[in-house]
Every structure is written in structure tokens, then in C-alpha cells.
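Enquirer: Just so you know, we're using the working numbering here: the sequence shown kicks off at 178 and counts up by one.
Don't be surprised by glycine CBs; every beta carbon is placed ideally from N, CA and C.
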Amino acid sequence: MPTQKSNNFSLFEKEREKANPMVATLANHLVNIRKKNIAASLSDFEGSSHKLERVKTINTIDFIDDSRSTNANAVWYALQSMTKPTVWICGIDQVEKFTQDLIDQVLSHVKAIVLQGVYNSDVYNFLSSLDIPVFVEMNLEDAVRQAFYACDRNYAVLFSPGVNGTAQMTYRQRGDLFQEAVGQL
Numbered sequence: 178m179p180t181q182k183s184n185n186f187s188l189f190e191k192e193r194e195k196a197n198p199m200v201a202t203l204a205n206h207l208v209n210i211r212k213k214n215i216a217a218s219l220s221d222f223e224g225s226s227h228k229l230e231r232v233k234t235i236n237t238i239d240f241i242d243d244s245r246s247t248n249a250n251a252v253w254y255a256l257q258s259m260t261k262p263t264v265w266i267c268g269i270d271q272v273e274k275f276t277q278d279l280i281d282q283v284l285s286h287v288k289a290i291v292l293q294g295v296y297n298s299d300v301y302n303f304l305s306s307l308d309i310p311v312f313v314e315m316n317l318e319d320a321v322r323q324a325f326y327a328c329d330r331n332y333a334v335l336f337s338p339g340v341n342g343t344a345q346m347t348y349r350q351r352g353d354l355f356q357e358a359v360g361q362l
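Structure (C-alpha cells):
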């Protein structure tokens, strides 16, 4: 029996390819879509606030809210999506979270880093060793202002913290605070 089903299936596939080669070709292409294309498509749906959301452009500087990036992999995706030189507002608090892939994206896209919140001196020293200017600001309003001052024309400020929200603040609340701070510039 299993052999028959298998034969029927391959016979069905052959018949479908003969009947509609365009459908077969499209199916083959859909199977080969890369993960990043799927992620990019999903981030465009309504309701995806705080995920690579353009907040405002001020003097050719784009402000991007990616508060939803709560881990290093999400930050990697955000950085590799950037098309302009970027000042990154970061909250990662452990050196171990910086994978080589993430470091490569930082070196490729980031022109300055603003560590926001209580930071680990090991993280500060590690990021400083990358030969990228690193600033430290305790609150988000000051971090946004510092990021803005660190920009040149046609830069982007990316708020992609790489850590979960806290018991006191969710990523949504954090993203709203970022957007409010940008509105005060």
C-alpha cells in the first residue's frame, strides 16, 4: 500500500506539472523563499508596531523603533536591514550575547552605540574595543538625544535594545517612550 500511495503521489505531481507548469514553477520558488524574506513580509502586517517602525525623519536622520527586538538575533535582523549608517541604541547587558554574526553586522552598519540603562562594564569595554564610539545614558530620553547628536546627515537612529522588557515596562511601553523622546527633539 505505501508504495502505491507514493506512486500515486508522483504520478499526481507529474500530471500537475504537465497541466500547469506555471503552478509547479511557482510552488518550487515558494519552497525556496529565505527566512529573511518571510520575516520582512511578516513585519509589514498591520499591528507590527515597534518592529522596524519608522517614527520620524529629522534633518535627514531617520528614527527607527525596534523595541520589539528583545534578543540578539532580532537585533542582528534589524541591523542587517539598515540601509543607512546607523547609531544604535542598545540595551544588551551580557558580552556572551554578542555572536560573531551580530558583531559583523555592528561593524558593517553601526557608526556609534548608545548603551541605555544600567550597563555592564564588560559590555562597555567590549563594544569600545570594536573601535566604534560608545556613549552611556541612563534614561531613554537622554539616549535618544545623544544618538541624535552622534549622527551625521543621512544617518539612522535604531532603537533595538536586544533585551526583554522589565516587570515595570513592556517592549510596547518602551517603544512608546522612544517615540515620545523622538517627538521632543
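#1: Tell me the DSSP secondary structure of A327 in three-state form.
#2: Does N297 come within less than 9 Å of chain C when only Cβ atoms are used?
#3: In the DSSP assignment, what residue or residues form a beta bridge with I238?
#4: Tell me which residue opens and which closes the beta strand (DSSP E) that L292 is part of.
#5: Find the nearest neighbour of G268 within the set R322, F325, N297 and D281, judged by alpha-carbon distance.
#6: Going by alpha carbons, who is nearest to V287 out of P262, T276 and K274?
#7: Please list the terminal residues of the continuous beta strand (DSSP E) segment that includes V313.
#8: Determine the DSSP secondary structure at I266, reduced to helix, strand or coil.
#9: Which first and last residues belong to the beta strand (DSSP E) in which L335 is found?
Expert: For this structure:
#1: coil
#2: Absent from the structure: chain C. Only one protein chain is present.
#3: I235
#4: V287 to Q293
#5: N297
#6: P262
#7: V311 to E314
#8: strand
#9: A333 to F336
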